[in-house]
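A.B. asks: My questions all concern the structure below.
2 protein chains.
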Amino acid sequence: MASSQTDLAVLAVLSITPTTGYAVRKTIHEQLSAFWSESFGQIYPSIARLKESGLIEATAGGRTGSAQYALTDAGRAHLLDLLSSPPVPSRPRSGTLLRLFFGHLLGPSACADLVQASKTRAEHQLTELAATRALVEAERTSDPTTEPHTRYWLLTISAGEHTARATIAWADEALTELAKLPA
Amino acid sequence: MASSQTDLAVLAVLSITPTTGYAVRKTIHEQLSAFWSESFGQIYPSIARLKESGLIEATAGGRTGSAQYALTDAGRAHLLDLLSSPPVPSRPRSGTLLRLFFGHLLGPSACADLVQASKTRAEHQLTELAATRALVEAERTSDPTTEPHTRYWLLTISAGEHTARATIAWADEALTELAKLPA
DNA sequence: CTAAGCATGTAAGATGTTACATGATTAT
DNA sequence: ATAATCATGTAACATCTTACATGCTTAG
């Protein structure tokens, strides 16, 4: 019942700035979407659990009917524990590659569509990452106190860029290969 | 209740050679593990569903107490439908990048460990893919009838290789960056 | 004023893993 | 013989998404 991965993400986001559950989800969407995702259906129960266990507490501020949460000392300690624990490997599931593996049933043209869609997604992600990168660099010069965190943020952006570029390079190769096959 | 993604994988594997549920899982493990995974807890219920719906049927052969399944005509038609349906995007979840994003809490040395582990995994995957590639090329020359399928198989292997090499290149960059930071 | 966004939560159902139970067959 | 592998299944539990219900606040 304890989804420690979601708890980890929520605790970690709250460790940067105390906010509402809604804003936690927004942050994850805006800043971590390349490698993480959470839905409200996980975040609110997670917050309830964390509050129950005394790892976070409601603080003043925010509007009526909303609550901002900050880590307690126990919460900070637990967060370090979770961060230090080995990452759980995520089961890979690429619908595109599954279909491509059985591509002889689908034909070269439909497969090319799949590959092209992959490429387009990767290109789109690349422009998004570029925008985020610009934002982070700006924040870094305007507010030097964020420096320790932004360095690590940039590392994750770089990871996304490498992966996206690899996808694009592969897609180009695959499209060339597929073009050679008879319809 | 209908996990159409698992049904798709099972149908597709059975379309190549009629086999047992056990062997379906083995094939997925050995040939698709870079981008797909299934457990027995999903495969056997999936087979039961497919049999129930008349998409597969038990055939003779195999040992006592086991059953080999082959696609029916309806099964082949359904498989084509599923293959043609748009791939469901998989929620990204990288425990490594999540931890790295909050790396300032963990410190450069622990982060370097995480990155190094990523790199090692990627290198390991690269050697596995090379072995599979050799196997496929061999099968291709020894039995030319498998040609239509092996071409597509090689495309998925290439995808894995591109991704793995991208991970390694990123890891090297990240390790250099992390080495610059004070402990 | 009204639409968009902020904010919280729950319920139902889909999806997935792990552990267990059971037994046949094959290789050493 | 005996260990490894083949083979099938289920039950419990964990995880996650989607849809719904509700109401406040801010910008146009």
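Chains as they are written, first to last, in the UniProt record's numbering: chain W, 1 to 183; chain D, 1 to 183. Glycine is no exception: its CB is placed at the ideal position from the N, C-alpha and C atoms. Quantities reported herein were computed from a predicted structural model and do not represent experimental measurements.
Using the three-state DSSP reduction, which class does D:L55 fall into: helix, strand or coil?
C.D. replies: In the second sequence, counting from the first residue as 1, residue 55 of chain D sits at position 55. Note: D:L55 maps to coil in three-state DSSP.
A.B. asks: Please list, in chain order, the chain W residues whose beta carbon lies closer than 7 Å to that of D:L83.
C.D. replies: Taking the first residue of the second sequence as 1, we reach residue 83 of chain D at position 83. Ordered by position in chain W, the residues that pass the 7 Å Cβ test against D:L83 are R99, F102, L105, L106.
A.B. asks: For D:L105, tell me which candidate among W:E137, W:T20, W:L79 has the shortest Cα-Cα distance.
C.D. replies: If you number the second sequence from 1, residue 105 of chain D lands on position 105. Nearest option by C-alpha distance: W:L79.
A.B. asks: Excluding the five sequence neighbours on either side, which residues of its own chain have a C-beta within less than 6 Å of the C-beta of W:A70, listed in chain order?
C.D. replies: Within the first sequence, numbered from 1, the residue matching residue 70 of chain W stands at position 70. Around W:A70: P18, T59.
A.B. asks: Using beta carbons (cut-off 8 Å, strictly below), is D:S109 in contact with chain W?
C.D. replies: For the purposes of this step, residue 109 of chain D is taken as residue 109 along the second sequence, with counting starting at 1. By this cut-off, D:S109 is not an interface position.
A.B. asks: Locate the alpha helix (DSSP H) running through W:A12, then write down its first and last residues.
C.D. replies: Here residue 12 of chain W refers to the residue found at position 12 of the first sequence. Looking at the DSSP string, the run of the alpha helix (DSSP H) that includes W:A12 is 4–16.
A.B. asks: In the DSSP assignment, find the unbroken beta strand (DSSP E) run with D:A70 in it and report its ends.
C.D. replies: Here residue 70 of chain D refers to the residue found at position 70 when the second sequence is read from its first residue. First-last of the beta strand (DSSP E) with D:A70: 68–71.
A.B. asks: Give a yes or no on contact between the region 165–179 of chain W and the region 150–170 of chain D, applying the rule of three or more CB pairs nearer than 8 Å.
C.D. replies: Taking a cut-off of 8 Å for Cβ pairs, the region 165–179 of chain W and the region 150–170 of chain D touch, as three or more such pairs fall below it.
A.B. asks: List, in chain order, every chain D residue whose beta-carbon is nearer than 9 Å to that of W:L155.
C.D. replies: Numbered from its first residue, the first sequence carries residue 155 of chain W at position 155. Simply L97, L100, F101, G103, C111, V115, W170, E173, A174, E177, L178.
A.B. asks: Here's the rule: buried if 16 or more other CB atoms are within 10 angstroms of the residue's CB, otherwise exposed. What is W:F35?
C.D. replies: Stepping through the first sequence from its first residue, residue 35 of chain W is reached at position 35. Buried, by the Cβ-count rule.
A.B. asks: Tell me whether the beta-carbon of D:G61 lies closer than 8 Å to the beta-carbon of D:Y44.
C.D. replies: Counting from 1 along the second sequence, the entry for residue 61 of chain D is found at position 61. Counting from 1 along the second sequence, the entry for residue 44 of chain D is found at position 44. Contact flag unset, no.
A.B. asks: Chain W partners of D:V88, CB-CB under 9 Å?
C.D. replies: As a working note, residue 88 of chain D is residue 88 in the second sequence. Result: R93, G95.
A.B. asks: Should residue 201 of chain D go down as buried or exposed, given a rule of 16 or more other Cβ atoms within 10 Å for buried?
C.D. replies: Within the shown structure, residues of chain D are numbered from 1 to 183, placing residue 201 of chain D beyond reach of any answer.
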